[in-house]
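K.L.:
Numbering (my numbering), first residue to last: 3 to 222. Glycine included, every Cβ here is placed at the ideal spot set by N, Cα and C. Next up is a structure, given as structure tokens.
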Ligand SMILES: [Fe+2]
Ligand SMILES: [Fe+2]
């Protein structure tokens with residue numbers, strides 16, 4: 003396997019410091035950040051709902067259905083967080099992150115058509131690997147929110163519920179990926195995980211840069 007370039011993945015502490023800085027110094031940018039998380043949760047719920055319907059394994063369908071429901075609930079929780087911060091949810095359809103996330107999931111820029119048949123195994127490996135990258139990154143963000151909202155019981159209870167859900171999401175995806183590894187797809191799984199992490203790091207890079215530029219008033 004070729005040597006891979008290091009991917010920067012912020013620690014929970016770094017993420018917390020960044021969120022704290024935005025929240026205290028640049029409120030609008032912080033609300034935009036929450037809004038982009040709201041969007042990612044809701045879009046995840048929509049995509050996973052389609053995926054649940056075409057999987058050819060009833061046990062995977064059942065887990066994917068719970069997973070989609072959880073992501074929809076997270077979108078609702080983050081919307082409540084936005085309003086608690088004095089903001090409102092805003093459409094992300096015309097933002098770059100919309101395209102970046104679609105690309106990270108291997109979809110067309112506009113989200114692509116609803117799935118009608120179960121994607122072939124190689125494609126499912128890509129999808130599950132990028133889901134795993136997204137789940138791990140979401141877990142880190144919510145661990146940072148857990149610190150940020152330590153003195154707000156209402157938000158904290160939602161954040162803790164999200165973190166419990168993320169454990170389930172990461173766990174069941176890991177089991178599926180391990181099963182595919184046992185079926186001899188180890189290299190595809192590992193390559194797809196790496197691509198998922200990289201695509202997400204790039205999308206995060208772009209969106210954080212946009213937040214900082216917006217917060218500091220720099221031209222983009
Ligand atoms: Fe979520
Ligand atoms: Fe999740």
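On a CA-only basis, which of 78, 158, 89 is nearest residue 28? Give me that one, please.
P.N.:
If we check each option's Cα against that of residue 28, 89 comes out closest.
K.L.:
State yes or no: is the C-beta of residue 236 nearer than 7 angstroms to some heavy atom of ligand 2?
P.N.:
Past the edges of the chain, shown from 3 to 222, lies residue 236, and the structure says nothing about it.
K.L.:
Report buried or exposed for residue 146, applying the criterion of at least 16 other Cβ atoms within 10 angstroms of its Cβ.
P.N.:
Residue 146 is buried by the Cβ-count criterion.
K.L.:
Can you list, in chain order, the residues of its chain whose CB lies under 7 angstroms from that of residue 126, leaving out five sequence neighbours each side?
P.N.:
Here the set comprises nothing.
K.L.:
In chain order, what residues of the same chain have a beta carbon less than 7 angstroms from the beta carbon of residue 222, not counting five sequence neighbours either side?
P.N.:
Bear in mind that a pLDDT of 39 at residue 222, under 50, signals an unreliable position, so the model cannot answer this.
K.L.:
Less than 7 angstroms separating the Cβ of residue 204 from some heavy atom of ligand 1?
P.N.:
Outside the cutoff, so no.
K.L.:
Have a look at 34, 13, 168 and flag the residue whose alpha-carbon is nearest the alpha-carbon of residue 209.
P.N.:
Among 34, 13, 168, the Cα nearest to that of residue 209 is on 34.
K.L.:
Could you give the residue range of the alpha helix (DSSP H) that holds residue 49?
P.N.:
Per DSSP, residue 49 belongs to the alpha helix (DSSP H) from 29-56.
K.L.:
So is the beta-carbon of residue 1 under 7 angstroms away from any non-hydrogen atom of ligand 2?
P.N.:
As displayed, the chain neither begins before 3 nor continues past 222, which places residue 1 out of reach and without an answer.
K.L.:
For ligand 3, is there a heavy atom less than 7 angstroms away from the beta-carbon of residue 137?
P.N.:
With respect to small molecules bound, the structure shown includes ligand 1 and ligand 2 and not ligand 3.
K.L.:
Between which two residues does the alpha helix (DSSP H) carrying residue 71 extend?
P.N.:
Where residue 71 is concerned, the enclosing alpha helix (DSSP H) stretches over 60-86.
K.L.:
Closest by CA to residue 40, which one among 164, 182, 189, 178?
P.N.:
It is 164.
K.L.:
Beta carbon of residue 188, beta carbon of residue 17: below 8 angstroms?
P.N.:
Result no, Cβ atoms of residue 188 and residue 17 do not sit closer than 8 angstroms.
K.L.:
Taking 7 angstroms as the limit between beta carbons, can you name the residues of its chain near residue 144, skipping five residues before and five after?
P.N.:
Once the five neighbours on either side are set aside, the close Cβ partners of residue 144 are 161, 164, 165, 168.
K.L.:
What first and last residue would you give for the alpha helix (DSSP H) that runs through residue 135?
P.N.:
Where residue 135 is concerned, the enclosing alpha helix (DSSP H) stretches over 123-150.
K.L.:
For the alpha helix (DSSP H) holding residue 93, just list the boundary residues, first then last.
P.N.:
From DSSP, residue 93 is part of no alpha helix (DSSP H); its letter is neither H nor E.
K.L.:
Is it the case that the segment 130-141 contacts the segment 184-200, given that we only count it when at least three CB pairs across the two stretches are under 8 angstroms?
P.N.:
Flag = yes, the segment 184-200 and the segment 130-141 touch.
K.L.:
Rounding to the nearest angstrom, what Cα-Cα distance links residue 19 and residue 121 in this structure?
P.N.:
One C-alpha to the other measures close to 40 angstroms.
K.L.:
Just confirm the distance between the C-beta atoms of residue 63 and residue 50, as a whole number of angstroms; I'd bet it's less than 8 angstroms.
P.N.:
The pair is not a contact, with the Cβ atoms about 11 angstroms apart (cut-off 8 angstroms).
K.L.:
Taking Cβ positions, are residue 79 and residue 203 nearer each other than 8 angstroms?
P.N.:
Cβ atoms of residue 79 and residue 203: not closer than 8 angstroms.
K.L.:
Would the beta-carbon of residue 168 be found less than 7 angstroms away from any heavy atom of ligand 2?
P.N.:
Answer for residue 168: yes, Cβ within range of ligand 2.
K.L.:
Which same chain residues, not among the five before or five after residue 175, have their C-beta less than 6 angstroms away from its C-beta?
P.N.:
Closer than 6 angstroms at Cβ, skipping near neighbours: 130, 133, 134.
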